[in-house]
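Here's the structure, in structure tokens; my notes come after.
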Amino acid sequence: MREPVTRLRISPPPRPEPGYDVIVEPGALARLPALLAGAAPAHRYAVVSDANVAPLWAEPVLRGLRDGGLSAELAVVPAGEGAKTRETWGELLDALLALGLGRDAALVAVGGGVVGDLAGFAAATFLRGVPVVQVPTSLLAMVDASVGGKTGIDAPAGKNLVGAFHQPRLVLADPTTLTTLPARELRSGLAEVVKHGAIADAAYLDDVAGQGDALLHCERDVLARVVARSVEIKASFVAADPFEQGARAALNAGHTVGHAIEALSGYGLTHGEAVAIGLVVESGAGERAGVTAPGTAARLEAALARLGLPTRVPAGMDAPAILAAARSDKKTRAARLRYALLAWPGSLARPDDGGWTFALPDDLLAATLAQYAERP
Ligand SMILES: NC(=O)c1ccc[n+]([C@@H]2O[C@H](COP(=O)([O-])OP(=O)(O)OC[C@H]3O[C@@H](n4cnc5c(N)ncnc54)[C@H](O)[C@@H]3O)[C@@H](O)[C@H]2O)c1
Ligand SMILES: [Zn+2]
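The sequence shown stops at residue 534 when you use this note's numbering, and every number in between is there.
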């Protein structure tokens, strides 16, 4: 008799990830019903939004889908990071089930990054996965959260610790929606835009700083150009590293310090405000370490200041606390903190070992944090 088989190898056929379009166009929301038919055909659509965005943008989207002859329902979650929980995710799945949606349904996320992450994760897990279309309505969601396929929710132990990669079928960014975005949220999104210029395109960095007034006044065409260029830059790093194992680390420039400052502020600072400070401090640290060209931090600081963003470490936050907060980030468990650094504005530095991030000593960071402390 044959020996009993105790180990079998199952090789599922490879499933290539389909590509998707990102459409950045003032007024494009009106074309959503027609675009859905091509990018995410489904028998029923669930439009997912939050309590702020639903009356402004999701309800018109819903009417548009129904007027276009599509079967569509609305599911509204509470607004804000506090809603990115297992509870809300579970309630959202229950609501989709109560609506009787099946595997022939698709979700349409209309909102900021919270809605995008939550609806994306719901789509990744509902009936083992249904398509999602991202319709970002905050600048941060347009230039960052909606592109790249990362979805998820927060856990008591930290932000974004539960999630899945689930690529959207389409991203539709209509800069018209930014006209209702609170000014502080708009500025926060601009910090990520500055980051994109800083890591990939110096001319773009200068362009963004020079267009500060037009951007802050929500001029749609200027915003559309900026969103499109930022998406292009983000997409280039994502395409090189879809599952975040290498090149995508570049997108964390400013974020090691930024995340720590954001958490230490008790989230009194927005993510973008904290990242703005982080970009300046990390560039200053890179200069001190001899990795980053002198003057880089000053150039970033000038650009960020023109966009109304903070650039200095808030008084009362000392270096040991910031470094401890950076270390407690659950996704960076390494003994030495690592930083994505610039070689000069518009260009990333790469360490000799071929990696993407640099380990810097804490005392160098401490000295830099003191240098960039807000003067009382
Ligand atoms: N998946 C990713 O790759 C990725 C990348 C970056 C950030 N994120 C996540 O994105 C989230 C932050 O996104 P955010 O800054 O958009 O936050 P958010 O979704 O909470 O939106 C910010 C605020 O603006 C409101 N809002 C959004 N669009 C509006 C509009 N057009 N008019 C009026 N109000 C509007 C929202 O209701 C909310 O109160 C975080 O949870 C973060 O973890 C994810
Ligand atoms: Zn960020």
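Where is the CB? At the ideal position from N, CA and C, for every residue including glycine. Quantities reported herein were computed from a predicted structural model and do not represent experimental measurements.
### Message
Rounded to the nearest angstrom, what separates R165 and P171 at their Cα positions?
### Response
Along the sequence shown, one-based indexing puts residue 165 at 7. Along the sequence shown, one-based indexing puts residue 171 at 13. Cα to Cα, the separation comes out at about 19 Å.
### Message
Checking 8 Å against the spacing of the C-beta atoms, do V388 and H354 come in under that value?
### Response
Residue numbering aside, residue 388 sits at position 230 when the sequence shown is read from its first letter. Residue numbering aside, residue 354 sits at position 196 when the sequence shown is read from its first letter. Residue identity differs from the one stated: residue 388 is Ser in this sequence, not Val. Yes, the pair counts as a contact, with Cβ atoms nearer than the cut-off.
### Message
Run through the DSSP bridge pairs and tell me what S505 is partnered with.
### Response
Position 347 of the sequence shown, counting from 1, holds the residue named residue 505. S505 pairs with W502.
### Query
Are the Cβ atoms of L348 and A198 separated by less than 8 Å?
Counting from one through the sequence shown, the residue named residue 348 turns up at place 190. Counting from one through the sequence shown, the residue named residue 198 turns up at place 40. No, the Cβ-Cβ distance between L348 and A198 is not below 8 Å.
### Query
Tell me, which residues are paired with E231 by DSSP?
As a first step, residue 231 must be located in the sequence shown, where it is residue number 73. Answer is A204.
### Query
Can you tell which of D179, G453, V438, L214 has the C-alpha that lies nearest to the C-alpha of V471?
Sequence index remark: in the sequence shown, residue 471 carries index 313 (1-based). Among D179, G453, V438, L214, the Cα nearest to that of V471 belongs to V438.
### Query
Candidates T243, S486, A456, A315: which alpha carbon is nearest I435's?
Residue 435 sits at position 277 when you count from the first residue of the sequence shown. The candidate whose alpha carbon is nearest that of I435 is A456.
#### Entry: Span of the beta strand (DSSP E), counted from its first residue to its last, around Q292
What you label residue 292 is simply residue 134 of the sequence shown in a count that begins at 1. First-last of the beta strand (DSSP E) with Q292: 290-294.
#### Entry: Local conformation of R167 per DSSP, three classes
Within the sequence shown, the letter at position 9 stands for residue 167. Correct three-state label for R167: coil.
### Query
Quick one: is the Cβ of E350 within less than 7 Å of any heavy atom of ligand 4?
Of the ligands this structure carries, namely ligand 1 and ligand 2, none is ligand 4.
### Query
Mapping DSSP to helix, strand and coil, what is V362?
Here residue 362 refers to the residue found at position 204 when the sequence shown is read from its first residue. The residue asked about is misnamed: residue 362 is Tyr in this sequence, not Val. Here Y362 sits in helix by DSSP.
### Query
Exposed or buried, which one is I168 when buried takes at least 16 other CB atoms within 10 Å?
Looking up residue 168 in the sequence shown gives position 10. I168 comes out exposed.
### Query
Under 8 Å between the Cβ atoms of G274 and A299?
Walking along the sequence shown from the start, residue 274 turns up at place 116. Walking along the sequence shown from the start, residue 299 turns up at place 141. Yes, the Cβ-Cβ distance between G274 and A299 is below 8 Å.
### Query
Assuming V351 contacts R244 under a Cβ cut-off of 8 Å, what Cβ separation, rounded to an integer in Å, is found between them?
Your numbering for residue 351 matches position 193 in the sequence shown. Your numbering for residue 244 matches position 86 in the sequence shown. Rounded, the Cβ-Cβ distance is 31 Å, inconsistent with contact.
#### Entry: Coil, strand or helix - R345 by DSSP
As a first step, residue 345 must be located in the sequence shown, where it is residue number 187. In the structure shown, R345 sits in a helix (DSSP, three-state: H, G or I).
### Query
Going by DSSP, which residues form a beta bridge with V449?
Here the question's residue 449 lines up with position 291 in the sequence shown. Answer is none; V449 lacks a bridge partner.
### Query
Beta carbon of D302: closer than 7 Å to some heavy atom of ligand 2?
Sequence index remark: in the sequence shown, residue 302 carries index 144 (1-based). Checking the Cβ of D302 against ligand 2 gives yes.
### Task
Note down the Cα distance separating R494 from L255, rounded to an integer number of angstroms.
If you number the sequence shown from 1, residue 494 lands on position 336. If you number the sequence shown from 1, residue 255 lands on position 97. Spanning the two alpha carbons is a distance of roughly 45 Å.
### Message
Is V433 near ligand 2 - that is, is its Cβ less than 7 Å away from at least one heavy atom of it?
### Response
Within the sequence shown, residue 433 is the residue found at index 275, counting from 1. Checking every heavy atom of ligand 2 against the Cβ of V433, one is found closer than 7 Å.
### Query
Would the beta-carbon of E343 fall within 8 Å of that of S304?
In the sequence shown, the residue the question calls residue 343 occupies position 185. In the sequence shown, the residue the question calls residue 304 occupies position 146. No, they are not a contact pair.
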